[in-house]
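As you go down the protein sequences, you meet chains H and W in turn. Take this note's numbering: the final residue in the first sequence is number 216, and no numbers are missing along the way. Take this note's numbering: the final residue in the second sequence is number 682, and no numbers are missing along the way. Heads up, the beta-carbon is just placed ideally off N, CA and C, and yes, glycines get one too. Reading through the structure tokens given below for one structure.
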Amino acid sequence: MAVEVAELTHGTADLVLIGIQRRGVELAERIAKLIEKDEGVTVPRGALDITLYRDDLETVGPKPVIGETHLPVDLTGKHAVIVDDVLYTGRTVRAALDELADFGRPKRISLCVLVDRGGRELPIQADVIGQKVKTGPGERVEVQVEELDGHDQVDLVR
Amino acid sequence: MTATLGKDLVGLEHLTPEQIRLILDTAEPFKEVSERPIKKVPALRGKTIVNLFFEASTRTRISFEFAEKRLSADTVNVAATGSSVSKGETLVDTAKNLEAMRIDMVVIRHPSSGAAEFLGQRIRSNVVNAGDGKHEHPTQALLDLLTIRDKHGRIEGLKVCLVGDVLHSRVARSNIWGLTKLGAQVGVCGPYTLMPRGIEELGVKFFPRIEDAIEWADVLNVLRLQLERMEKGFIPSLREYYRVWGVTPERLERSPRPVTIMHPGPMNRGVEIDSRVADGPHSVILDQVTNGVAVRMAVLYLLAGGRPELADAAKRGAE
């Protein structure tokens with residue numbers, strides 16, 4: 059995936075990796091490290107919590123604690139790559155796009171996900187996908203990463 | 364598992380420690396919003412909030428207004444003077460008329476104790492107490508708690524002393540509730556004439572001398588001496604008050620540890636607090652103001668979204 063991200067951005071000069079809280083942040087960190095190892099450059103990365111940009115505050119209710127949002131550089135003119143663990147309805151990505159727009163005007167925004175489980179409710183697609191999985195609405199895809207969960211694992215829960 | 368706030372925020376007396384911690388934890392990420400180039404998130408887009416102020420206020424009203432605007436809510440300010448209130452309309456009628464214009468929340472400051480709770484029971488909108496008489500000023504106490512937690516990394520086990528006019532202070536009352544619920548030890552210090560009778564029943568320690576309070580405390584929260592009190596004979600003179608109760612560098616020097624200095628504002632420099640203390644290295648008075656916006660954003664956000672029955676239904680279907 060790291061190679062694909064680097065290819066996507068035609069080199070790494072303008073690349074900024076932005077992980078969506080929480081597991082997207084860890085994945086972005088790993089991709090950044092792999093690119094840095096391969097290319098010998100520093101890749102800026104940031105974290106985005108999209109809770110305050112959701113369109114379902116009234117139905118889902120406030121999340122217990124909102125994660126940190128920090129962007130390392132001004133995004134204007136950069137190629138921002140959003141990294142998340144699971145792509146499903148697309149609503150999280152929609153919120154992330156809105157939030158990024160408040161931080162500047164990137165020249166391009168791409169999307170990189172570990173698992174694409176289908177089931178989109180918005181016209182959104184990923185540019186880099188780790189694995190496509192066919193799932194139904196009653197199922198959940200749970201991604202665990204070593205940094206937060208102690209091990210790397212993807213489960214399909216019915 | 365998750366605490367929610369319910370419909371209104373009237374005071375800290377009836378909140379659980381979990382609810383107070385929820386507000387403080389939610390305020391953390393909101394601090395960052397105010398540091399962004401575009402200081403705004405769409406969380407309360409489309410909500411209408413009325414700031415209903417029956418008493419003079421600069422800091423609190425502006426702080427609420429910033430909090431509301433940074434959450435993208437639409438806001439209207441109503442002051443008692445220049446509105447139908449001055450024509451004799453009752454509080455409930457004013458609020459019901461506002462509600463007929465389809466508002467979602469009311470932030471109210473009122474000279475009568477209990478006004479916020481009274482209103483909350485009579486209208487559907489969420490009500491936030493921005494100070495009611497001598498009763499409570501919950502968001503001020505919450506921002507004080509957040510500032511103490513920022514500075515000391517904890518609240519539990521700290522010794523916090525409220526200094527001055529505790530009798531007339533809603534800030535003091537809310538602070539006593541909040542601090543004791545989170546496990547701090549609370550002291551009060553000031554002239555007998557400005558201490559409520561039976562204050563020790565709230566679980567606080569009374570210090571008749573400021574020197575003893577300073578020796579004991581990790582944090583001093585210096586209350587504003589409301590100048591009209593002097594005319595009513597609670598204190599002999601402002602100079603006398605400063606001489607006996609003023610928080611001065613000379614008094615602080617004798618403390619065995621650095622004492623964090625707080626003040627809810629507006630300050631009377633040279634009366635309850637010396638300028639060298641207010642602007643000194645251990646003063647967090649302006650941090651309190653910064654935190655005020657974040658805490659109020661958290662309260663508004665939590666009240667706006669608090670519909671647990673819908674939340675459970677939505678979570679089952681969501682990703």
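Subject >> Element boundaries [beta strand (DSSP E), containing Phe429/W] >> reply: DSSP places Phe429/W in no beta strand (DSSP E) but in the uninterrupted alpha helix (DSSP H) bounded by Arg422 to Arg433.
Original post:
Do you know how far the Cα of Asp213/H is from the Cα of Thr438/W?
Top reply: Between Thr438/W and Asp213/H, the alpha-carbon positions lie close to 46 Å from each other.
Original post:
So, helix, strand or coil for Leu172/H, using DSSP?
Top reply: If DSSP states are grouped into helix, strand and coil, Leu172/H belongs with the strands.
**OP:** Go ahead and label His68/H buried or exposed: buried means 16 or more other beta carbons lie within 10 angstroms of its beta carbon, across all protein chains shown.
**Re:** Around the Cβ of His68/H, a 10 Å sphere holds fewer than 16 other Cβ atoms; the residue is exposed.
**OP:** Would you decide whether Gly680/W is buried or exposed? Buried here means 16 or more other CB atoms lie within 10 Å of its CB.
**Re:** Because the pLDDT at Gly680/W is just 42, under 50, the model does not fix this residue reliably, and the point stays unresolved.
Original post:
By Cβ distance, which residues of its chain are closer than 7 Å to Arg614/W, with the 5 residues on each side in sequence left out?
Top reply: Around Arg614/W: Ile573, Glu574 and Ile577.
**OP:** Could you tell me which of Gly148/H, Gln183/H, Arg198/H and Ile89/H sits nearest to Val99/H, measuring between CA atoms?
**Re:** That would be Ile89/H, whose Cα lies nearest to the Cα of Val99/H.
Subject >> Candidates Glu84/H, Ile124/H and Ala86/H, of which the one nearest Val396/W by Cα >> reply: Checked all of Glu84/H, Ile124/H and Ala86/H; the closest Cα to Val396/W is Ile124/H.
Original post:
Does any residue of chain W bring its CB to less than 8 Å from the CB of Thr134/H?
Top reply: In terms of beta-carbon proximity, Thr134/H stays away from the interface with chain W, with every pair separated by 8 Å or more.
Original post:
For Gly553/W, which residues of its own chain have a beta-carbon under 7 Å away from its beta-carbon, when the five flanking residues on both sides are left out?
Top reply: Closer than 7 Å at Cβ, skipping near neighbours: Val526, Gly527, Asp528, Val529 and Trp608.
**OP:** Please classify Arg166/H: does DSSP put it in a helix, a strand, or coil?
**Re:** Here Arg166/H carries a strand assignment [DSSP, helix/strand/coil].
**OP:** Kindly confirm or deny that the stretch 368–379 of chain W and the stretch 489–502 of chain W touch, where touching means at least three C-beta pairs closer than 8 Å.
**Re:** Yes: at least three Cβ pairs fall under 8 Å.
Subject >> Residues that Asn584/W bridges to, as DSSP identifies them >> reply: Leu525/W and Met625/W.
Subject >> Anticipated Cβ contact below 8 Å, Leu545/W with Gly655/W, distance rounded >> reply: Not a contact, Cβ separation roughly 18 Å.
**OP:** Would you list, in chain order, the members of the stretch 372–404 of chain W that have their beta-carbon closer than 9 Å to a beta-carbon of chain H?
**Re:** Those residues of the stretch 372–404 of chain W that come within reach of chain H (Cβ to Cβ, closer than 9 Å) are Leu385, Asp388, Thr389, Glu391, Pro392, Phe393, Glu395, Val396, Arg399, Pro400, Ile401, Lys403 and Val404.
**OP:** Give the single residue among Leu85/H, Lys95/H and Gly194/H whose Cα lies nearest to the Cα of Leu106/H.
**Re:** For Leu106/H, the nearest C-alpha among the options comes from Leu85/H.
Subject >> Cβ-based neighbour list, Val567/W, same chain, cut-off 7 Å, excluding 5 preceding and 5 following >> reply: Leaving aside the five residues that flank Val567/W on each side, the residues in its chain whose CB is nearer than 7 Å to its CB run, in chain order, Ile539, Val549, Gly550 and Val551.
Original post:
Quick one: is Glu126/H near chain W, going by C-beta distance under 8 Å?
Top reply: Yes, its Cβ sits closer than 8 Å to a Cβ of chain W.
**OP:** Under 8 Å Cβ to Cβ from Pro612/W, same chain only, skipping five residues before and after it: list those, please.
**Re:** So the list reads Asp637, Arg639, Val640 and Gly643, once near-sequence residues are dropped.
Original post:
What number of angstroms, rounded off, separates the C-alpha of Glu452/W from the C-alpha of Pro474/W?
Top reply: In this structure, the alpha-carbon of Glu452/W lies about 16 Å from that of Pro474/W.
Original post:
DSSP three-state call for Val123/H: helix, strand or coil?
Top reply: Three-state result, Val123/H: coil.
Subject >> Residue-chain proximity (Ala547/W, chain H), Cβ-Cβ < 8 Å >> reply: Answer no: the Cβ-Cβ gap between Ala547/W and chain H never drops below 8 Å.
**OP:** Please go through the same chain and pick out, in chain order, the residues whose beta-carbon is closer than 7 Å to the beta-carbon of Arg632/W, but skip the five residues on each side of it.
**Re:** If the five residues before and after Arg632/W are omitted, its C-beta is found closer than 7 Å to the C-beta atoms of Ser638 and Ala641, all from its own chain and listed in chain order.
Original post:
Any idea which residues DSSP pairs Ala138/H with across the strands?
Top reply: Paired residue(s): Val74/H and Ile167/H.
**OP:** Would you decide whether Gln211/H is buried or exposed? Buried here means 16 or more other CB atoms lie within 10 Å of its CB.
**Re:** Of the residues assessed, Gln211/H falls on the exposed side of the cut-off, its CB having fewer than 16 other CB atoms within 10 angstroms.
**OP:** Quick one: list the residues of chain H neighbouring Ala406/W, beta-carbon separation under 7 Å, in chain order.
**Re:** Under the 7 Å cutoff, chain H gives Leu110 and Leu115.
Subject >> DSSP state of Gly188/H mapped onto helix, strand, coil >> reply: The three-state secondary structure of Gly188/H, taken from DSSP, is strand.
Subject >> C-beta neighbour in chain H for Ala667/W, strict 8 Å >> reply: Chain H has a Cβ within less than 8 Å of the Cβ of Ala667/W.
Subject >> Same chain only: Cβ atoms within 8 Å of Glu179/H, ignoring 5 sequence neighbours per side >> reply: These residues qualify, in order along the chain: Thr147, Gly148 and Arg149.
**OP:** Spell out whether any CB of chain W is found under 8 Å from the CB atom of Val123/H.
**Re:** The C-beta of Val123/H comes closer than 8 Å to at least one C-beta of chain W.
Original post:
Touching or not, the stretch 412–430 of chain W and the stretch 649–667 of chain W, by the rule of three or more beta carbon pairs under 8 Å?
Top reply: Counting Cβ pairs under 8 Å, three or more are found: they touch.
Original post:
Counting along the chain, where does the alpha helix (DSSP H) carrying Met660/W start and finish?
Top reply: Start and end: Ile648 to Gly668.
Subject >> Contact under 8 Å by Cβ, Ala478/W with Val469/W >> reply: For Ala478/W and Val469/W, no; Cβs fall outside 8 Å.
**OP:** Could you spell out where the beta strand (DSSP E) holding His473/W opens and where it closes?
**Re:** From DSSP, the beta strand (DSSP E) with His473/W extends over Met468 to His473.
Subject >> Length of the line joining the Cα atoms of Ile140/H and Ile187/H >> reply: Cα to Cα, the separation comes out at about 12 Å.
Subject >> Cβ-based contacts, 7 Å cut-off: residues of the stretch 182–216 of chain H near chain W >> reply: Here the close residues number zero.
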